Structures are given as structure tokens and as C-alpha cells.
Amino acid sequence: SSDVCSSDLTKALGLSVQKISVGTFEKNNKLYQHQQTSDIIYHQGVNMNKFSTREEWLVAGIEEVRSLFDLNTKPLPKNIRVACGFPSTAMRSGAIGECWIDKCSADGAFEILVHPKLADPIKVFEVLIHELCHATAGAFNHGVNFQKIAKSMNLKPLGTGRNAWKSTAGDDQFVAAYGDIIASLGN
1 SSDVCSSDLT KALGLSVQKI SVGTFEKNNK LYQHQQTSDI IYHQGVNMNK
51 FSTREEWLVA GIEEVRSLFD LNTKPLPKNI RVACGFPSTA MRSGAIGECW
101 IDKCSADGAF EILVHPKLAD PIKVFEVLIH ELCHATAGAF NHGVNFQKIA
151 KSMNLKPLGT GRNAWKSTAG DDQFVAAYGD IIASLGN
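For the sequence shown, this note's numbering assigns the number 1 to the initial residue and increments by one for each residue that follows.
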């Protein structure tokens with residue numbers, strides 16, 4: 001949406017918006033024109049509107065960060081599905097993301113849900129990284145293994161005490177680490 005494109009953070013990532021009119025089509029050997037205004041997102045001159053669904057964007061995001069998890073010696077499993085959907089406890093707890101372990105899926109896939117109310121690409125990516133940390137070996141809860149991989153993937157806890165890591169955000173280096181990836185995905 002255009003509100004995402006006008007944010008200071010989006011501008012800091014080098015994105016720009018151009019309004020254009022599009023549309024010609026042929027029907028019965030006649031050429032027709034229709035007017036439509038679209039937001040075309042550019043990063044360093046490249047059209048960033050690559051994906052027709054949020055799920056395609058999220059899947060591409062996973063593929064972009066696989067090597068970063070490998071570098072942290074916590075590779076992602078091959079079989080991960082991601083969708084925009086309501087986490088099971090969203091109404092009660094306000095959860096905006098959820099990862100279901102591979103044993104809960106008939107085909108052994110990890111299932112990640114990202115709340116559909118999220119629109120800011122940075123926030124969506126923070127949630128995606130948090131949930132991907134859960135998919136790594138031994139990090140399904142918010143214990144020490146999760147905390148180690150989450151820290152190495154530029155997340156910080158938002159809470160305090162025993163459940164501090166239940167809610168996270170990107171640390172001071174998050175945009176530096178992932179900004180180019182997020183920009184390349186578009187919004």
C-alpha cells in the first residue's frame with residue numbers, strides 16, 4: 001500500500017513510488033485502452049512489484065535468508081510452508097506469528113503463520129525471522145537455543161524476565177542486515 005511506501009524507513013531503504021496509468025488490450029481485432037493508476041515500487045531503478053500474493057513474498061524471503069541461517073550453523077529445514085493467517089492464540093495473546101513443528105503436519109513441513117494485519121515490510125520480516133528461528137534444530141520454544149539463534153539473526157527481546165524472548169523486534173543492526181533483501185522483495 002502507498003502508506004508503506006511513504007514511510008521514512010522505506011525511503012531509507014531507497015524505495016520510491018511512481019504513479020502510472022496502464023492498460024491497452026485487444027478484443028475482436030479492436031484496440032481498447034483503460035486507465036488505471038498503480039503504485040510501482042522501485043529500488044535503485046528496478047521494479048519491485050514481483051509478487052502477486054503475500055505468501056509468494058514470504059517464500060522468497062525464506063529463500064533469501066537460508067544462507068544466513070547456514071552461516072550461523074543453524075540451517076533451516078527444507079520443508080517450510082508459510083502463509084498469512086491468524087495464529088491460534090492471536091485473539092487471546094495478540095500473537096502476530098506462529099510456527100508449527102513438523103510433526104503437526106501430515107507431510108512433515110514446518111508451518112509458519114504471519115498475521116495478515118501486518119503491512120510494514122520491516123515488521124513482517126522481523127516476524128518471519130523470529131518464526132524461522134523456531135524452525136531450526138532445538139529452538140522450538142523460547143529457551144536458550146532459540147535465544148542464541150535469534151540474537152545471531154539480529155533480533156532482541158521485547159519482554160523481561162522468563163518470557164522475554166516470546167516477543168521480539170529487530171535490533172539496531174536489523175535493517176543493515178536485511179534492508180537490501182527486504183528492498184529487493186518489494187512490498
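In this text, a Cβ means the ideal position worked out from N, Cα and C, and glycines have one as well.
Fair warning: this is a prediction, and the values are worked out from it, not measured in the lab.
### Task
Would you check if there are 3 or more beta carbon pairs closer than 8 angstroms linking the stretch 57 to 77 to the stretch 147 to 162?
Yes, they touch.
#### Entry: Cα-Cα separation between K148 and A139, rounded to whole angstroms
Start at 1 with the first residue of the sequence shown, and residue 148 comes out as number 148. Start at 1 with the first residue of the sequence shown, and residue 139 comes out as number 139. Computed Cα separation, rounded: 9 angstroms.
### Nearest-angstrom Cα separation, counted from E131 out to Y178
For this step, residue 178 is matched to residue 178 along the sequence shown. For this step, residue 131 is matched to residue 131 along the sequence shown. About 16 angstroms.
### C-alpha gap between P121 and A106, whole angstroms
Residue numbering aside, residue 121 sits at position 121 when the sequence shown is read from its first letter. Residue numbering aside, residue 106 sits at position 106 when the sequence shown is read from its first letter. Each residue's Cα considered, the two are about 30 angstroms apart.
#### Entry: Outcome for I41 when other beta-carbon atoms lying within 10 angstroms are tallied against a minimum of 16
The residue labelled residue 41 in the question sits at position 41 within the sequence shown. At I41, the pLDDT of 46 sits below 50, so the modelled position is not reliable; the number obtained from the coordinates is stated separately. Residue burial is scored here from C-beta neighbours: I41 has at least 16 other C-beta atoms within 10 angstroms and is therefore classed as buried.
### Task
Measuring alpha carbon to alpha carbon, tell me which of D102, E98, M91 ends up nearest H142.
Sequence index remark: in the sequence shown, residue 142 carries index 142 (1-based). The residue with the shortest Cα to Cα distance from H142 is E98.
### Query
How big is the Cα-Cα spacing for R162 and N145?
Translated into the one-based positions of the sequence shown, residue 162 becomes position 162. Translated into the one-based positions of the sequence shown, residue 145 becomes position 145. Looking at the backbone, the Cα of R162 and that of N145 are separated by about 14 angstroms.
### Query
Buried or exposed: where does A135 fall if 16 or more other Cβ atoms within 10 Å of its Cβ makes it buried?
Along the sequence shown, one-based indexing puts residue 135 at 135. Buried is the call here.
#### Entry: Where A90 sits in the DSSP three-state scheme
Sequence index remark: in the sequence shown, residue 90 carries index 90 (1-based). In the structure shown, A90 sits in a helix (DSSP, three-state: H, G or I).
### Message
Between which two residues does the beta strand (DSSP E) holding G97 run?
### Response
Start at 1 with the first residue of the sequence shown, and residue 97 comes out as number 97. DSSP places G97 inside the beta strand (DSSP E), whose first and last residues are 97 to 100.
### Query
Taking the runs of the alpha helix (DSSP H) that are 4 residues or longer, which of them lie wholly in the stretch 106 to 150?
For the alpha helix (DSSP H) assignment, the uninterrupted runs of no fewer than 4 residues enclosed by the stretch 106 to 150 are, from N- to C-terminal side, 121 to 135.
### Query
Is P87 buried or exposed, if buried means 16 or more other CB atoms sit within 10 Å of its CB?
For the purposes of this step, residue 87 is taken as the residue at position 87 of the sequence shown. Counting Cβ neighbours within 10 Å, P87 comes out buried, since at least 16 surround it.
### Query
What is the residue span of the beta strand (DSSP E) that G170 lies within?
Within the sequence shown, residue 170 is the residue found at index 170, counting from 1. Run containing G170: 168 to 170, per the beta strand (DSSP E) assignment.
### Query
When you compare only the Cα positions, how much space is there between H115 and W57?
The residue you call residue 115 lines up with position 115 of the sequence shown. The residue you call residue 57 lines up with position 57 of the sequence shown. Spanning the alpha carbons of H115 and W57 requires a straight line of approximately 14 angstroms.
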